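If you're matching them up, the sequences are chains H and E in order. Here numbering that gives the first Met the number 0 is used: the first residue of the first sequence is 0, the next is one more, and so on. Here numbering that gives the first Met the number 0 is used: the first residue of the second sequence is 0, the next is one more, and so on.
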Amino acid sequence: MPEKALEIQPITITTPTPNSPMATPPPPPPCRTSATPDSPIMTTPRRRALHRLTGFTRSLSCRRKRAPSGRRMCPVDQQDDFQQASTHCLTSYYSVFVVRLAIMIMLAILIGMLTVLTWHFTKVYTTKSLDTLAYGLRYELLQRPILRMWNILNSTSEITTAQVKLSEYVLRKYSSPVTQANPTSQAQLVELYETMKAVTWSLFQSRKALNAITINYRNGFVQAFHRDHRSNNTFYIYSDLSNYSISAGMYSRQGWNDQSIKGNISAIWYREPLDPNTGIKIGKAKPIPADDLINIAGLSQVPDGAATWDVAVSKYTDSPLLSAALPVFGPSNQSIVAVVGVTTALSSVGQLMKELVEVHSGHIYLTSQEGYLLATSTNAPLLANTSMGPELVMAVDSQDHVIRKGARWLQAIYGNKLPPGHVVHIEHAKLGKEDYYIDSFFLNLKRLPIVGVIIIPREYIMGKADQRAFKTLIILISASVCILIIGCLCILILTNGVSKEMKLRAELISHLDARRRAEASNNYKSQFLANMSHELRTPMAAIIGLLDIVITDSSLASEHYASLTQIRKCSLALLRLLNNILDLSKVESGKLVLEEADFNLGQELEGIVDMHSVQCINQDVELVLDLSDDMPETFRGDSARFVEIFSNLISNSIKFTKSGHVIVRGWCENWNAFEDSGKSLLEQKKSWCALRSKFKQQTNYVKKTCKKENKMILWFEIEDTGCGIDPAKWETVFDSFEQADASTTRKHGGTGLGLSIVRTLVNKMGGEVKIVKKDSPGILMRLYLLLNTPSDGSEQSCQVDFSKPTVVVLALGGSVGRGITSQWLRRNKVSTIEASDWKQLTLILPELFNPTNECNGSEEQPSLSEPLEEEQPLSSEEQPSLSQTLKEEILNIKAMKDQVFIIVVDIGLLDFKAGIWLSQLDYLDQFTGKAKFAWTLSHNSSSMVKAELRKRGHVIVVNKPLYKTKMIQILEAALQGRTLEIEICSSDGGASTNKALVDCDIADALVPLSLGDKIERLINSRPTRYQDFINHHIEFTDQNPEPSNSSTDSENQSQSSPKLPDNGLESGRSKSKGKEIASTSDESQNGSPTSKRQKMVSSPPKEKGSSSSSGCDEEKLRGLHILVVEDTLLLQMVAVKILLKAGATVNAVSDGLQAVEAMTSMIDSLVRRNEAVKKGLEPEPLKSPPYDLILMDCQMPVMDGYEATKEIRRMEEGTRMHIQIIAQTAHAMSTDREKCLAVGMDGYLTKPLQDKITVETIMKHLGRSID
Amino acid sequence: MDNVIQLQKKLVDYKTSLFNEGILDDQFTQLQQLQDESNPDFVVEVVSLFFKDSERLFDELAKTLDQQNVDFNRLDAHVHQLKGSSSSIGAQRVQKVCILFRNYCEVRNIEECLKCLQQLKREYYFVKNKLETLFKLEKQIMEAGGTIPVQ
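Below, the structure is given as structure tokens:
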């Protein structure tokens, strides 16, 4: 079986041709070095080479496949699991291929085995059984002629024996008398011969097959019967009896030889035909030559007295004859009296053979041991006529070519040395072109061994089987090939699905990989941003810290201080930006939570505008803030984010605006009113349609949730005149890192983060931001925010009392800002005249004021009330350049009575080249008495100008840009300064309890870009001390002549009552430059009553200050009871010491809770006492005097200062008390100050406490004078 | 008497040098001015309180920074205290380091905080040394029967 397999395999395996799917497998398996090294596939070298080739390409592709995987592997450890997955995929990928291959091989083997087995069973077993059968057949076939031969021989021998026995009997009967008495007589002899003849005839007659029977007597007499088979005649042959003396012949033993017979030529032989059946003589005897017809067995043939066999050849038969000879012994058994010979033709054997061969094909022949043919199954002659007469033919010379070839083949193989027994069985003898079976048998007869050979063509026996086997094989092979191919195809198709799935899985995994990598890189990005901002924040912290250090340095000039403050602010802004980057990622991940705290929206916006105005002025861009009046002051929301939004938007606008203006507009709508207004809005702006539907969706929800809160929709527009944005990019600019034009980064810088932060924040605040179409160049960004307003605080911001007719001359450079301001003023019923440059101003001013010297010379009194009413024609003649409308306006103004003139002058209108501005100021000074001047400074206005302004008494100074709040401030300062005069005259107004705290001193206001131009209102519970306060206030300001002192603490506020803003401002100024003013006050000519009063008021302090400059710090606080709240013992000690030294009674506690407790007891006792007083009872004496003031530390354990203050303020509600709380804080930042004020503190001090400032501040807050 | 004058001169020089070098500032002068007959050892008291306080705070700071998860708020509070007390006695340089320290606290940079702590300690011992010398000089003058010169 193995050999068979080997034999089969090449066939089955090589059938898949090289271009079959097996040879070019689509998926490369893993480098298969020893997959099936000893598999039958490898048997053919071609396959091996092919395999090696494919293996090589596979290994190549393997390496190619592995290389990227290795690359993929190296970058990160965290992708191990993924890597595993991918390798797993790869291996499974390969395993599928291996499995596919294995299945194919198995299929091939299976089919091969089936084929082989089937073939084997069909062919080999058949062949074997056939062979067995054939062998039997052959044996039988051969056996039969041999048996016949044997029979012939036997019968011959029997006949011979019988003849001998009969002859012996007859002879004995006749010879005995002869031998005993006389020699036999002739008659007796004849009788003997006659008897013999009859006996012999009967024997002859009984055996038809006999050819002849001869009896050769001793005396030479011959009797013979002969049967000629060809002519079917029977003859009796006898020799002439007369020639023989029976006795002589019979008894002369020695002379009895063939010679005597044959040599007896004279003997005459007769032949008489007989009736073959009856033996009756039917013809005349004819003499024939002796020994002519038949062989007469003579004595020579039985020399030893035993029977002999011989094959003879007769002239008259064409087949060899078998002759047997036996001697007939005499009665004594010692002498041979006659020889009987029997001759049988062998042709009957041939006949039988022929018959056999006719049935089964093939050839049979018999030969003698020497190789002479005795009988064949063919008609080929067995005798050859030679010169010597007919002779037997050798088998190798037989005329039948099959017999000849077979004999020759046998001879060639065995030569003359036949195997013992002469038995040969050969199954494949190639004779000529055909296969034959050759079998030979040996029949060992004494003196005549016979060899029988049978030659049967293989085709006869195995022909069908071979044919069948071949056909089966062909069918099997073709079927198996078909099955193999189909199977392989099926496997391919089936596994193709699997491999497709594998491919998909691999793809999926690679996608997963890609996704993970993308996520990782995103994480890296976030990580990077976080790290970077951390790394950037650290140096920023150092910068800010160092700035703080420098700022605390007391020896700074105010300019340096200002710059440092600015640097600090910028640093903080930068820090905030860094935080923004974090915020953005926070927002993106949804982690940002908006703060909910009240904030002053207007203030924040103003702060932003102030901040950016510096940049604007540098760029020649006007930054204008235009908020509608109905805008509530406070909103609840995240102020920092709000600021961020606008800061980003404004800076973005400024960045892209080279010249022109940037306007920030703001208005608001009530949420509930929105639905109605929404319609009109919708009509206006189709693009906001979606927004409205969104609103509607929100409405229900919002209404439910925000019923209590007053929800407002705040609309803002930021308009610029910059380069604009392509409308196609209006949406995309809000994406991260997106800029409208790629080149802008180079030109303008920036990261493209700003707008994206804006959008996320605006969306977070429930709003939307959008770029809106506008006609002029530039862009108009519109956004809305949903913010809550605290329900109580819906007061309007504009509370200036414009009862007096007021005239404002706006001499401002920026046309847009001026326009907006004048519009607002007009809306508020304030007459406004605009002037865009100096020249126009010089035209307007005389127009307004000049008429006074013409008509009412007597009326130039300081009252200022009715100076200008007439002389329009003149003025119109004088100022031909003024436009008609302006003139009309001026006329209208002049028609009014008791106007207040306020002239707002942009410092930029002054011409600073050469000394012109001084003369310009001189020019303006002539109007000082008639009008109030307010100046708008820019950040780069030189201190010399400021000093000059101060010197000339222009005390109302604001920083650019001018917006509503600042305008109100100016108006209040100007108008209330005027009312103040009246109130001073009435000595004690007392009605108004409002006190305005001008949060900034003027020194601060003069600092460029200060954001602090704000007016805070605080409730003062001690209106009665008003008068004292003024005096004291002015006094103490003069005690600090050094400007540096005031500049160190920005919280060193000047406080003034709203009735005294002018004075307050001025005193604030005098604080820093008090001496200067005092010394130069003479220079302010044309002093109006106001300025005179100011001089007057400010001079006494000067004297006082000089007299008590250093000495009288002590006892300033005498009689005051102060509570010091401070946790650090050391600081507490110092504070207490400072206060003690100043003469106050001091109690100290170490945290907020104790302070609250102390206050509680105090308030309780006070309340009780008040009640007692009310009831008319004698008030019980207080255990300790009530505290006048608390010095509160902000950062404390247990309860911090802010909490404590809130608590105290809460307690005070309902009582009419308001204890002054002054914070002491280490933070020098404005936010801290705001925070302090927000929780209800009245003022604050910076640590470390400085005795003078401390005492001053306390006194200021208590409105206490030295007495 | 010469001795006293010499000592007084030395004291003045020393004090001036302290001010010039920026080790002390006006706050210290103020402290000295607060001292009067009713409380003749006020400065020494306050300063020794400062020493005591500071050393306690250093311990706290070191402990806080030593923890696995540094509690920056606590750290900040401690530094804040130190800053307050140092600024109150006029130990300017200590105060400045405190300011830096607090900024790093805000950014949560431990390394810088540790550096700051080291620097803080250096500055503290420096100023402590100086102040002790100053007090020693003053004491010597007092013992010698002189008065402490007022600036």
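Quick reminder that beta carbons are idealized off the backbone N, C-alpha and C, glycines included. Keep in mind it's a predicted model, so treat the numbers as computed, not measured.
Hey, valine 327/H and glutamate 167/H: beta-carbon distance below 7 Å or not?
yes
Which residues share a DSSP beta bridge with valine 771/H?
Leu779/H
At least one CB of chain H closer than 7 Å to the CB of histidine 77/E: is that the case?
no
I need the DSSP call for alanine 1143/H, collapsed to helix, strand or coil.
coil
Between Leu409/H, Glu193/H, Asn958/H and Ala311/H, which has its C-alpha nearest glutamate 390/H's C-alpha?
Ala311/H
Starting from glutamine 117/E, find everything on chain H with Cβ-Cβ shorter than 8 Å and list it in chain order.
Those do not exist, as glutamine 117/E stays about 16 Å from chain H at its closest Cβ, beyond 8 Å.
Which residues in chain H sit within 9 Å of glutamine 29/E, going by Cβ to Cβ distance?
Val1133, Ile1137, Pro1247, Leu1248, Gln1249, Asp1250 and Lys1251
Should lysine 95/E go down as buried or exposed, given a rule of 16 or more other Cβ atoms within 10 Å for buried?
buried
Using DSSP's beta-bridge definition, name the partner residues of isoleucine 425/H.
Ile437/H
List the endpoints of the continuous beta strand (DSSP E) containing tyrosine 235/H.
232-238
Beta strand (DSSP E) containing lysine 285/H: first to last residue?
285-287
What first and last residue would you give for the alpha helix (DSSP H) that runs through lysine 1259/H?
1250-1261
Along the stretch 1182-1210 of chain H, where does the CB come closer than 7 Å to a CB of chain C? Name the residues.
Absence of chain C from the displayed structure is noted, the protein chains being H and E.
Indicate the three-state DSSP secondary structure (helix, strand or coil) for tyrosine 269/H in the structure shown.
strand
Out of Gly349/H, Ile955/H, Ile482/H and Leu786/H, which one is the CA nearest neighbour of methionine 1271/H?
Only positions 0 to 1266 of chain H appear in this structure, which leaves residue 1271/H out of reach.
Less than 8 Å between C-beta atoms, sequence neighbours within five positions excluded: which residues of the same chain meet that for tyrosine 1186/H?
His1120, Ile1121, Leu1122, Asn1146, Ala1157, Met1158, Met1161 and Ile1218
So, helix, strand or coil for isoleucine 902/H, using DSSP?
strand
For the pair the stretch 81-95 of chain E and the stretch 505-524 of chain H, tell me if three or more CB-CB distances fall below 8 Å.
no
What separation, rounded to the nearest whole angstrom, lies between the Cα atoms of alanine 197/H and asparagine 378/H?
37 Å
Less than 7 Å separating the beta-carbons of isoleucine 1207/H and leucine 1244/H?
no
Spatial neighbours of threonine 788/H within its chain, please: CB distance less than 6 Å, with the 5 preceding and 5 following residues excluded, ordered by chain position.
Pro631, Phe634, Asn709 and Met711
Can you tell me whether DSSP reads tryptophan 837/H as helix, strand or coil?
helix
Valine 356/H to glutamine 410/H span [Cα, whole Å]:
23 Å
Specify the secondary structure class of lysine 1101/H as computed by DSSP and reduced to three states.
Summary for lysine 1101/H: the model assigns pLDDT 36, below 50, so the residue's position carries little reliability; its value from the coordinates is reported in the next sentence. Note: lysine 1101/H maps to helix in three-state DSSP.
Using only alpha-carbon positions, find the residue among Gln1131/H, Lys524/H, Val808/H and Thr155/H that is nearest to glutamine 839/H.
Val808/H
Verify the CB distance criterion: does arginine 1232/H have a CB-CB separation below 7 Å to chain E?
no
Do isoleucine 214/H and histidine 225/H come within 7 Å of each other at the CB atom, strictly closer than that value?
no
Which residues, taken in chain order from the stretch 36-59 of chain E, show a beta carbon closer than 7 Å to some beta carbon of chain H?
Phe41, Val45, Leu48, Phe49 and Asp52
Please confirm whether glycine 21/E has its beta-carbon closer than 7 Å to some beta-carbon of chain H.
no
Check the Cβ of lysine 95/E against every Cβ in chain H and list those closer than 7 Å, keeping chain order.
Ile548
Identify whether threonine 28/E lies in helix, strand or coil by the three-state DSSP scheme.
helix
For the stretch 121-149 of chain E, which residues have a beta carbon sitting closer than 7 Å to at least one beta carbon of chain H?
none
With 16 other CB atoms within 10 Å as the buried threshold, where does methionine 551/H fall?
It is worth fixing the name first, because residue 551/H is threonine in this sequence and not methionine. Under this definition threonine 551/H is a buried residue.
How would you call serine 814/H, buried or exposed, if buried means at least 16 neighbouring beta carbons within 10 angstroms?
exposed
Buried or exposed by the 16-neighbour rule on C-beta atoms within 10 Å, applied to methionine 21/H:
With a pLDDT of only 42 at methionine 21/H, under the threshold of 50, the placement of this residue in the model should not be trusted, and no figure is reported.
Between Asn102/E, Ile109/E, Glu142/E and Ser87/E, which lies nearest to glutamine 66/E when the distance is taken from Cα to Cα?
Ile109/E
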